[in-house]
Amino acid sequence: MKKKFISLTTCLILATTLLIGCGDKTTSTNEGGEKNTQYTIGISQFAEHSSLDNCREGFIAGLADAGIVEGENLKTMYDNSQASMDQASLIANNFVQKKVDLICGIATPSAMTAYNACRETDIPVVYTAVSDPEAAGLTKGNVTGSSDVLPVKEQLAMIHKILPNAKKIGIIYTSSEENSLSTIKKYKELAGEYGFEIVEKGITTASEVGIAASDLVSKVDCISNLTDNTVVSALQTVISAANEQKIPVFGSEIEQVKDGCLAAMGIDYFALGKETGALAAKILKGEKTAAELPFITSEAAEFYVNTGVAEKLGITLDPSYLPQAKESFGN
Amino acid sequence: MILLRSVLEQGMIYAIMALGVYITYKILDFPDLTVDGSFPLGAALTALMIRGGVNPLLTMPACFLVGGVAGMLTGLIHVKLKVRDLLSGIIMMTALYTVNLQIAGRANLPFYDNNTVFDNAFVSSIFTGVLYPYRTLVISFLLMLVVKCLLDGYLSTKSGFLLRAVGDNDSIVTSLGLDKGTVKIIGLSIANALVALSGCIFAQQQHFFDISMGTGTVVIGLASVIIGTGLFAKVTLFRITTSVVIGAVLYKACVAIAISYVEPVNLKLITAALFLLILVLGMERKKKVKQSA
Numbered sequence: 000m001k002k003k004f005i006s007l008t009t010c011l012i013l014a015t016t017l018l019i020g021c022g023d024k025t026t027s028t029n030e031g032g033e034k035n036t037q038y039t040i041g042i043s044q045f046a047e048h049s050s051l052d053n054c055r056e057g058f059i060a061g062l063a064d065a066g067i068v069e070g071e072n073l074k075t076m077y078d079n080s081q082a083s084m085d086q087a088s089l090i091a092n093n094f095v096q097k098k099v100d101l102i103c104g105i106a107t108p109s110a111m112t113a114y115n116a117c118r119e120t121d122i123p124v125v126y127t128a129v130s131d132p133e134a135a136g137l138t139k140g141n142v143t144g145s146s147d148v149l150p151v152k153e154q155l156a157m158i159h160k161i162l163p164n165a166k167k168i169g170i171i172y173t174s175s176e177e178n179s180l181s182t183i184k185k186y187k188e189l190a191g192e193y194g195f196e197i198v199e200k201g202i203t204t205a206s207e208v209g210i211a212a213s214d215l216v217s218k219v220d221c222i223s224n225l226t227d228n229t230v231v232s233a234l235q236t237v238i239s240a241a242n243e244q245k246i247p248v249f250g251s252e253i254e255q256v257k258d259g260c261l262a263a264m265g266i267d268y269f270a271l272g273k274e275t276g277a278l279a280a281k282i283l284k285g286e287k288t289a290a291e292l293p294f295i296t297s298e299a300a301e302f303y304v305n306t307g308v309a310e311k312l313g314i315t316l317d318p319s320y321l322p323q324a325k326e327s328f329g330n
Numbered sequence: 000m001i002l003l004r005s006v007l008e009q010g011m012i013y014a015i016m017a018l019g020v021y022i023t024y025k026i027l028d029f030p031d032l033t034v035d036g037s038f039p040l041g042a043a044l045t046a047l048m049i050r051g052g053v054n055p056l057l058t059m060p061a062c063f064l065v066g067g068v069a070g071m072l073t074g075l076i077h078v079k080l081k082v083r084d085l086l087s088g089i090i091m092m093t094a095l096y097t098v099n100l101q102i103a104g105r106a107n108l109p110f111y112d113n114n115t116v117f118d119n120a121f122v123s124s125i126f127t128g129v130l131y132p133y134r135t136l137v138i139s140f141l142l143m144l145v146v147k148c149l150l151d152g153y154l155s156t157k158s159g160f161l162l163r164a165v166g167d168n169d170s171i172v173t174s175l176g177l178d179k180g181t182v183k184i185i186g187l188s189i190a191n192a193l194v195a196l197s198g199c200i201f202a203q204q205q206h207f208f209d210i211s212m213g214t215g216t217v218v219i220g221l222a223s224v225i226i227g228t229g230l231f232a233k234v235t236l237f238r239i240t241t242s243v244v245i246g247a248v249l250y251k252a253c254v255a256i257a258i259s260y261v262e263p264v265n266l267k268l269i270t271a272a273l274f275l276l277i278l279v280l281g282m283e284r285k286k287k288v289k290q291s292a
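Residue numbers (numbering that gives the first Met the number 0), protein chains in the order written: chain A, 0 to 330; chain Z, 0 to 292.
Pasting the structure below:
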């Protein structure tokens, strides 16, 4: 009797949710016109981090360019798991419960938990700021997005141009961050071409950044910084240790140059997010499914420079090089 | 429903970890930080084994054993090398970070397409139709139940009584002519074996291992134990282990409520406020019981 009751109620609940779900879809197709369709998306971001924030803002801008504007025909729900894995998984499930039309996962752990939560639903997942989608298993299924591989070759060429006499480049990275490990591999492969030697220092927590930096600055001619989340969060420590020795720190994206890196050949995370938003718009409008769209890699490397830092360090920048900068900062 | 289901799923899985923390924190009075390392240890080993094509059922005893060894090492460092309890946990936790990276070979290891204890032909044949989405919940509940019953059983054996005696009044153990150090090592082994088992099941539910999976595990475990034992301190209906399980589910529920109703920046504050609320509610209950007694 009890069993019957339980199974009956679950059936009823499931049936009603199914009915409501179907109802939504029919009304939207009946209305036909794109502008009347209301979209709801969930954005799950892994940590508080300026690059990831730029990605998110770019994503919303990309959707807006495609006519899916927040507040008009788009409702976004944003949650940040504050670097906790079990929280990321709950956030993804919360979005599934709220029957969003699409989930956007920013950074690898959020992308993976979102994909896992959606595997038994028809909710597509679009990710961004995932360095190696192949290794993360995000290339099959109802999922697509964009990868933020750093333009290492361009970065090395830029360092060579600014510091022609430099021999050793120091890099601090977190041994737990897959993206850093793969980038360092690339650095080592390409360093020889420019006559550079890479000196790496692995750390495990943000508190070790200071020790690694002060050790590194005595051994190298400059430091190149990756998008390593832990190191970026303690970037000021690296910069002040390096600047004491009059050694420049090169960044990997705009925010780092703003914060005191000398220069960077980096990804524009806003642009990356925007491209991802365009992908998501195609999926929402039903032009393509996420499974049909391959993930995209940001191709364009942008040059950012901080002339204020150059002055402070006594480094003269080739005046013909400066106008190539997408943005330059003076402080 | 989906959020409730995932709260219960995660609650069941983390309850196994919380039972381990219960042994060290409540029974042995040993603040064991090894947990932050042994939880991902189970996850790493599971990812490696499952990707290698091992039967997912075998991952559980394997993780239990390996977690036990980690706990035993913490115990040996504490008892034999006379390192303070907090520090010996920190040492093991730190060492396990590298061990976990070495086991997995990478910081992040997915296994979306492999069989797990929740996704295999046998499970799909039992859970058909509308029951299918509930398989993870049912299986994790059963696993938790088995672990809880075995632990209850163990705690009422002679060895289990000794374990409880070491925490309450260790001179009894010494007066019985037994070595309290050995008892501590056994307790730590069992605790970390449970934690690694929990990490193993969590990885299978999430279909991947990530090195940062362990961060904050000990906090979740302690909060679950304290919420559970605080809330049901005077309710004799439950065994303490049952209260710990309920505590783990309540912890996850607090986080889920905060996630679904609160702005992301305020998340942790609201979660903290909810814990406090639960604890205060638990205290009032205690008072009432006292007055009526």
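The beta-carbon is built from N, C-alpha and C at its ideal position, and this holds for glycine as well. Just so you know, these numbers come straight off a predicted model, no measurement behind them.
{"Query": "What three-state label does DSSP hand glutamine 44(A) in the structure shown?", "Result": "strand"}
{"Query": "Measure the beta-carbon distance from serine 223(Z) to valine 243(Z) and round it to whole angstroms, keeping in mind my assumption that it falls under 8 Å.", "Result": "6 Å"}
{"Query": "Whole angstroms is fine: what's the gap from leucine 161(Z)'s alpha carbon to alanine 61(Z)'s?", "Result": "26 Å"}
{"Query": "Residues of chain A with a CB under 9 Å from the CB of tyrosine 24(Z): which are they?", "Result": "The premise fails here: tyrosine 24(Z) is roughly 20 Å from chain A at the closest Cβ pair, so nothing lies under 9 Å."}
{"Query": "Does the CB of threonine 107(A) have a neighbour CB from chain Z at under 9 Å?", "Result": "yes"}
{"Query": "Based on DSSP bridge pairs, tell me the residues matched to tyrosine 172(A).", "Result": "Gly201(A)"}
{"Query": "Please list, in chain order, all residues of the same chain as isoleucine 266(A) whose beta carbon is under 6 Å from its beta carbon, the five residues on each side excluded.", "Result": "Asp147, Glu252, Ser297"}
{"Query": "For chain Z, find out if any of its Cβ atoms is closer than 9 Å to the Cβ of glycine 20(A); answer yes or no.", "Result": "Low confidence applies here, because glycine 20(A) scores a pLDDT of 36, under 50, leaving its location unreliable; read the following figure in that light. It does not: the Cβ of glycine 20(A) has no partner Cβ on chain Z nearer than 9 Å."}
{"Query": "Can you find a C-beta in chain A that's less than 9 Å from the C-beta of isoleucine 219(Z)?", "Result": "yes"}
{"Query": "In chain order, what residues of the same chain have a beta carbon less than 8 Å from the beta carbon of glycine 20(A), not counting five sequence neighbours either side?", "Result": "Any reading at glycine 20(A) needs caution, since the residue's pLDDT is 36, under 50, leaving its predicted position unreliable; the model's value is listed next. Taken in chain order, the residues that qualify are Lys98."}
{"Query": "To which residues does DSSP link threonine 296(A) through a beta bridge?", "Result": "Ser146(A)"}
{"Query": "Using a beta-carbon distance below 9 Å, is glycine 31(A) in contact with chain Z?", "Result": "Unreliable positioning characterises glycine 31(A) in this predicted model, as indicated by a pLDDT of 41, which lies under 50. The coordinate reading is nonetheless provided below. Chain Z, which has no Cβ nearer than 9 Å to the Cβ of glycine 31(A), makes this no."}
{"Query": "Should glutamine 44(A) go down as buried or exposed, given a rule of 16 or more other Cβ atoms within 10 Å for buried?", "Result": "buried"}
{"Query": "Could you name the residues that DSSP lists as bridge partners for leucine 73(A)?", "Result": "Tyr38(A), Glu69(A)"}
{"Query": "Just how far apart, CA to CA, sit alanine 272(Z) and serine 5(Z)?", "Result": "22 Å"}
{"Query": "Please state whether DSSP places tyrosine 260(Z) in a helix, a strand or coil.", "Result": "helix"}
{"Query": "For methionine 157(A), I'd like the list of residues in its chain whose CB is within less than 6 Å of its CB, leaving aside the five on either flank, ordered along the chain.", "Result": "Met264"}
{"Query": "Can you check whether the CB of cysteine 260(A) is closer than 9 Å to the CB of isoleucine 238(A)?", "Result": "yes"}
{"Query": "Using 8 Å as the Cβ pair cut-off and three pairs as the minimum, do the stretch 104–117 of chain A and the stretch 85–92 of chain Z touch?", "Result": "no"}
{"Query": "Kindly say whether alanine 255(Z), judged by its beta-carbon, lies nearer than 9 Å to any beta-carbon of chain A.", "Result": "yes"}
{"Query": "Between Thr216(Z), Gln203(Z), Arg238(Z), which lies nearest to serine 83(A) when the distance is taken from Cα to Cα?", "Result": "Thr216(Z)"}
{"Query": "In terms of residue numbering, what span does the beta strand (DSSP E) encompassing cysteine 331(A) cover?", "Result": "Nothing in the structure corresponds to residue 331(A), since chain A is present only between 0 and 330."}
{"Query": "Check whether chain A comes within 9 Å of isoleucine 225(Z), counting only Cβ atoms and requiring the distance to be less than that.", "Result": "no"}
{"Query": "Counting only the same chain and skipping the five closest in sequence on each side, list residues whose C-beta sits under 8 Å from that of valine 261(Z).", "Result": "Ile269"}
{"Query": "Kindly indicate which three-state DSSP category lysine 325(A) falls into: helix, strand or coil?", "Result": "coil"}
{"Query": "Given asparagine 53(A), which residues of its chain have a CB within under 6 Å of its CB, disregarding the five upstream and five downstream residues?", "Result": "Tyr268, Phe269"}
{"Query": "For leucine 332(A), which residues from the same chain have a beta carbon less than 7 Å from its beta carbon, with the 5 sequence-adjacent residues on both sides left out?", "Result": "Outside the shown range of chain A, which is 0 to 330, sits residue 332(A), and nothing can be said about it."}
{"Query": "Please confirm if serine 139(Z) has its CB atom under 9 Å from at least one CB of chain A.", "Result": "no"}
{"Query": "When the Cα of glutamate 176(A) is compared with those of Phe249(A), Thr229(A), Asp78(A), which residue comes out closest?", "Result": "Thr229(A)"}
{"Query": "So, is the C-beta of asparagine 107(Z) closer than 9 Å to a C-beta in chain A?", "Result": "yes"}
{"Query": "At 3 residues or longer, what runs of the beta strand (DSSP E) sit wholly inside the stretch 163–238 of chain Z?", "Result": "207–209"}
{"Query": "With H, G and I counted as helix, E and B as strand and the rest as coil, what does DSSP make of tyrosine 320(A)?", "Result": "coil"}
{"Query": "Tell me the rounded alpha-carbon separation between phenylalanine 249(A) and asparagine 224(A).", "Result": "6 Å"}
{"Query": "Looking at chain A, is there any beta carbon in it that lies within less than 9 Å of the beta carbon of serine 211(Z)?", "Result": "yes"}
{"Query": "Just to make sure I have the definition right: I need the residues of chain A whose C-beta is within less than 7 Å of the C-beta of proline 132(Z). Which are they?", "Result": "Glu119"}
{"Query": "Can you name the residues that DSSP bridges to phenylalanine 302(A)?", "Result": "Met264(A)"}
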